[in-house]
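Engineer: Shown below is the structure under consideration.
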Amino acid sequence: MLITTQDRLDDRDIERTIGLVRGNTIRARHVGKDILAGLRAIVGGEIIEYTKMLAEAREQAIDRMKKEARLRGADAIVGVRFTTSAVMAGASELLAYGTAVKLRPSDATNTG
Numbered sequence: 020m021l022i023t024t025q026d027r028l029d030d031r032d033i034e035r036t037i038g039l040v041r042g043n044t045i046r047a048r049h050v051g052k053d054i055l056a057g058l059r060a061i062v063g064g065e066i067i068e069y070t071k072m073l074a075e076a077r078e079q080a081i082d083r084m085k086k087e088a089r090l091r092g093a094d095a096i097v098g099v100r101f102t103t104s105a106v107m108a109g110a111s112e113l114l115a116y117g118t119a120v121k122l123r124p125s126d127a128t129n130t131g
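According to our numbering, the sequence shown is numbered sequentially starting from 20.
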């Protein structure tokens, strides 16, 4: 499954637009990680616990978006974006979304 933040792919043409696909996850902070993060905030530097948590959330949201696209018969997802929103105190949603498309080889690559 090809994924891009662009609206098109250089080596393929969009044959058909399937539509919006999305994947999301909601993550809550962990008390133990909050304590470690608080200590790191005192001395400065990257808060590794939250970096890891957000990276895992992004990957899970992308995987869910790709699964929806595959189920709908897509070859790729273009125009991918991410957004977050607070759900409650200490919990946030990470949403990945884009446009599922069916591809064909680019006309430019077939003329050679």
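The beta-carbon is built from N, C-alpha and C at its ideal position, and this holds for glycine as well.
Please read all numbers here as calculations on a predicted model, not as lab measurements.
Measuring straight from C-alpha to C-alpha, what distance separates R27 and L73?
Structural biologist: Within the sequence shown, numbered from 1, the residue matching residue 27 stands at position 8. Within the sequence shown, numbered from 1, the residue matching residue 73 stands at position 54. Distance between the alpha carbons of R27 and L73 is about 27 Å.
Engineer: List in chain order: all unbroken beta strand (DSSP E) runs of 3+ residues lying wholly within the stretch 68-125.
Structural biologist: Along the length of the stretch 68-125, whole beta strand (DSSP E) runs at least 3 residues long occupy 95-107, 110-124, reported in chain order.
Engineer: CB-CB under 8 Å to L114, same chain, minus the five flanking residues each way: which ones, in chain order?
Structural biologist: Reading the sequence shown from its first residue, position 95 is the one you call residue 114. Hits under 8 Å: R41, G42, N43, A80, F101, T102, T103, S104.
Engineer: So L39 is in the beta strand (DSSP E); what residue range does that whole segment cover?
Structural biologist: Indexing the sequence shown from 1 puts residue 39 at position 20. Membership of L39 in the beta strand (DSSP E) is indicated by the continuous run 31-47.
Engineer: Do you know offhand how far I96's Cα is from A76's?
Structural biologist: Counting from one through the sequence shown, the residue named residue 96 turns up at place 77. Counting from one through the sequence shown, the residue named residue 76 turns up at place 57. Each residue's alpha carbon lies about 19 Å from the other.
Engineer: With C-beta atoms as the reference, is V99 less than 8 Å away from I22?
Structural biologist: Sequence index remark: in the sequence shown, residue 99 carries index 80 (1-based). Sequence index remark: in the sequence shown, residue 22 carries index 3 (1-based). A contact, by the Cβ cut-off of 8 Å.
Engineer: Going by CA-CA distance only, name the one from E68, K71, A119 that's closest to K86.
Structural biologist: Stepping through the sequence shown from its first residue, residue 86 is reached at position 67. The candidate whose alpha carbon is nearest that of K86 is A119.
Engineer: Using only the alpha-carbon positions, how far apart do L122 and A88 sit?
Structural biologist: For the purposes of this step, residue 122 is taken as the residue at position 103 of the sequence shown. For the purposes of this step, residue 88 is taken as the residue at position 69 of the sequence shown. In this structure, the straight-line span from the alpha carbon of L122 to that of A88 is close to 13 Å.
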